[in-house]
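All the letters of the sequence shown, read from the start, carry residue numbers -18 to 73 under the numbering used here. Idealized CB from N, CA, C, for every residue including glycine. Encoded as structure tokens, the structure appears first; notes follow it.
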Amino acid sequence: MSDPNTPEDELFDFPCDFPIKAMGRHTPEFEMTVVELVRRHAPDLGEGSVKIRPSKAGNYLSVTVTVRATSRAQLDDIYRELTSHELVLWAL
-18 MSDPNTPEDE LFDFPCDFPI KAMGRHTPEF EMTVVELVRR HAPDLGEGSV KIRPSKAGNY
42 LSVTVTVRAT SRAQLDDIYR ELTSHELVLW AL
């Protein structure tokens, strides 16, 4: 169990590789939108950093982007931007 007095940054050993998953409707622009939003906060995103997976019925798309996270604030900014975008249904 984690110590309630431990700062959240200490739960991660920054810098670290961190997967971020966004789910949305399977539209032509969804993948590109997610990558562009993440790249604003992680400009050094590598080519092999993006994985795409459609839902069983093909109506939804999951985009997982693995970033080299440098801080908790960076991750929070990425999640805030993703979850505020109209194409993103949720982000993990």
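For this session: Grab me the residues of residue -3's own chain with a C-beta within less than 7 Å of its C-beta, minus the 5 sequence neighbours each way, in chain order.
Result: Residue -3 sits at position 16 when you count from the first residue of the sequence shown. Cβ within range, chain order: 50.
For this session: May I ask you to list the residues that DSSP assigns as paired with residue 42?
Result: The count along the sequence shown starts at 1 and reaches residue 42 at position 61. 5, 35, per the DSSP bridge assignment.
Exercise. With DSSP run on the structure shown, which of helix, strand or coil describes residue 56?
Worked result: Counting from one through the sequence shown, the residue named residue 56 turns up at place 75. Of the three classes helix, strand and coil, the one that applies to residue 56 here is helix, per DSSP.
Exercise. Taking all protein chains shown into account, do 16 or more other C-beta atoms lie within 10 angstroms of the C-beta of residue 28, making it buried, or fewer, making it exposed?
Worked result: Start at 1 with the first residue of the sequence shown, and residue 28 comes out as number 47. With fewer than 16 other Cβ atoms from the protein chains shown falling within 10 Å of its own Cβ, residue 28 counts as exposed.
Problem set entry | Bridge-paired residues (DSSP) for residue 47 | By 1-based counting over the sequence shown, the position of residue 47 is 66. Paired residue(s): 0.
Exercise. Between residue 49 and chain D, is there a C-beta pair that is closer than 9 Å?
Worked result: The chain labelled as chain D is not found in the depicted structure, where only one protein chain is given.
Problem set entry | Reduced DSSP category for residue 70 - H, G, I as helix; E, B as strand; rest coil | By one-based count along the sequence shown, residue 70 stands at place 89. DSSP, read as helix, strand or coil, puts residue 70 in strand.
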